[in-house]
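Residue numbers (the numbering used here): 2 to 419.
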């Protein structure tokens with residue numbers, strides 16, 4: 002039996018952090034667009050460490066195949082073409098991946114160049130995720146986004162004409178100085194490009210401690226949650242009218258082009274996280290263990306590299322302090338897994354299959370109870386009565402899902418299940 006897992010690789014380097022960003026990344030000197038000049042901070046040691054970690058987990062868990070690979074950041078496109086090739090060669094030796102695997106690399110528009118695209122294609126990458134965010138220079142400048150609308154347009158044109166794989170783009174609704182007019186017009190440009198089959202549309206989140214969060218709190222930057230929500234709904238309507246169906250809270254795709262990697266998170270499937278700041282979760286070989294292990298690696302690149310240069314490897318059941326690696330670990334018990342299954346499942350428009358819940362947890366979905374003893378059956382009936390949820394009978398069984406209106410109230414629904 003072949004054991005398959007998803008793999009996430011974190012490249013925690015970027016030219017500079019955008020004001021809204023709460024992800025782990027550190028500033029790094031930039032590689033030139035021609036790919037010839039390597040960043041001083043993006044050392045081969047880091048790539049070698051990621052490969053060593055991937056090999057360790059593959060051996061430890063007996064993983065034979067990467068069903069999906071996702072290289073995110075930070076800014077993975079700061080890697081040189083040679084580093085891209087070394088990375089994928091290494092993780093491919095840890096466990097195989099092939100043309101049927103979904104292999105994605107995040108890119109910043111400023112980094113897109115023929116040499117990098119050639120390296121990705123030669124390494125087995127078949128999907129790119131481009132962080133456009135907005136085609137509005139005022140909005141981009143307001144959050145110190147290190148990319149202009151002109152460079153985004155140039156990257157999109159190059160990808161549309163030269164890239165042979167799939168293409169996803171990211172947009173944000175509610176950026177400071179973003180107008181409804183500029184927000185709407187940018188999609189006219191996007192729909193003219195034929196390679197794009199997936200679009201992630203996020204509402205701007207104001208994270209505590211970020212530069213943007215501090216500016217909003219002090220009143221230096223104005224922000225309206227209501228305006229951001231209305232702008233997102235406008236974007237959703239535009240996308241759906243143009244053939245991009247919402248299959249998850251913030252993700253839209255043409256039919257058949259949903260992100261398989263992200264779906265592995267939402268369906269609580271095994272995924273290995275490699276790199277400084279990366280997280281992973283192991284649910285078990287058959288996904289039916291009574292508990293799962295979740296970990297988050299140290300956010301210190303020097304400590305991470307030093308550990309794997311010294312040989313790495315550690316008993317996964319030990320605490321982080323005992324392992325020698327500054328890694329936070331959490332054991333997820335059955336109750337936590339049941340709630341996470343519902344929490345992630347209802348993010349998707351397809352919702353939760355009753356029979357799948359029963360097979361995984363050995364109990365009826367309808368009998369699941371929140372902390373107050375209220376059953377799932379009772380909660381869902383109320384939402385269905387209020388025309389916010391639907392019960393769909395399929396060939397696979399009963400599927401419970403939030404409808405187009407209900408998914409806008411996802412957090413409120415989940416609160417009723419805690």
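All C-beta atoms in this analysis are idealised placements derived from N, C-alpha and C, irrespective of residue type, glycine included.
In this text the structure is predicted, and so the values were computed from the model without any measurement.
Query                                                                                                                                                                               : Result
Is the Cβ-Cβ distance between residue 6 and residue 342 less than 8 Å?                                                                                                              : no
Check this for me: beta carbons of residue 367 and residue 377, under 8 Å apart or not?                                                                                             : yes
Using beta-carbon positions only, say whether residue 152 and residue 75 come within less than 8 Å of one another.                                                                  : no
Determine whether the beta carbon atoms of residue 403 and residue 363 lie at a separation below 8 Å.                                                                               : no
Would you tell me roughly how many angstroms separate the C-alpha atoms of residue 291 and residue 265, rounded to the nearest one?                                                 : 19 Å
Any contact between the stretch 45-59 and the stretch 244-251? By contact I mean 3 or more CB pairs, one from each, below 8 Å.                                                      : no
Just how far apart, CA to CA, sit residue 94 and residue 66?                                                                                                                        : 10 Å
Cα separation between residue 149 and residue 379?                                                                                                                                  : 50 Å
Quick check on DSSP: helix, strand or coil for residue 179?                                                                                                                         : coil
Quick check for students: name the residue ranges of the alpha helix (DSSP H) that lie wholly in the stretch 28-108, counting only runs of 4 or more.                               : 45-62, 82-95
Between the stretch 215-222 and the stretch 183-192, do at least 3 Cβ pairs fall closer than 8 Å?                                                                                   : no
Is residue 176 closer than 8 Å to residue 135 when the C-beta atoms are compared?                                                                                                   : yes
Go through its chain and collect everything with a Cβ distance to residue 143's Cβ below 7 Å, but skip five positions before and after it.                                          : 176, 177, 178
Going by alpha carbons, who is nearest to residue 193 out of 240, 307, 310?                                                                                                         : 240
Cutting at 6 Å between CB atoms, please list the residues of its own chain near residue 12, excluding the five before and the five after it.                                        : 74, 75, 77
Could you tell me whether the stretch 196-205 touches the stretch 256-265, where touching means 3 or more Cβ pairs closer than 8 Å?                                                 : yes
Less than 8 Å between the C-beta atoms of residue 47 and residue 375, yes or no?                                                                                                    : no
What runs of the alpha helix (DSSP H), each 4 residues or longer, lie entirely inside the stretch 114-169?                                                                          : 115-123, 138-143, 150-163
Please classify residue 304 as buried or exposed, where buried requires at least 16 other C-beta atoms within 10 Å of its C-beta.                                                   : exposed
Only counting the same chain, and skipping five residues up and downstream in sequence, which positions put a Cβ closer than 6 Å to that of residue 111?                            : 148, 152
Compare the Cα-Cα distances from residue 123 to each of 90, 113, 21 and report the closest residue.                                                                                 : 90
Using only CA atoms, which one of 117, 81, 130, 22 lies nearest to residue 70?                                                                                                      : 130
Would residue 275 pass as a contact of residue 104 if the rule is Cβ separation under 8 Å?                                                                                          : no
Could you give the distance in angstroms between the alpha-carbon of residue 87 and the alpha-carbon of residue 207?                                                                : 37 Å
Give me the residue from 280, 15, 413 with the minimum Cα distance to residue 327.                                                                                                  : 280
Give me whichever residues DSSP pairs with residue 282 in a beta bridge.                                                                                                            : 272, 295
Can you tell me the Cβ-Cβ gap for residue 204 and residue 22, rounded? I've got them flagged as a contact below 8 Å.                                                                : That belief does not hold up - the Cβ atoms of residue 204 and residue 22 are roughly 15 Å apart, past 8 Å.
Please confirm whether residue 172 and residue 235 have their CB atoms less than 8 Å apart.                                                                                         : no
Could you have a look at residue 382 and say whether DSSP puts it in helix, strand or coil?                                                                                         : helix
Could you spell out where the beta strand (DSSP E) holding residue 331 opens and where it closes?                                                                                   : 329-333
Compare the C-alpha of residue 106 against each of 167, 61, 60 and name the closest.                                                                                                : 167
Give me, in chain order, the residues of the same chain whose beta-carbon lies closer than 6 Å to that of residue 169; leave out the 5 immediate sequence neighbours on both sides. : 130, 199
So, at 7 Å on beta carbons, what are the nonlocal neighbours of residue 383 in its own chain, with the 5 sequence-adjacent residues on each side left out?                          : none
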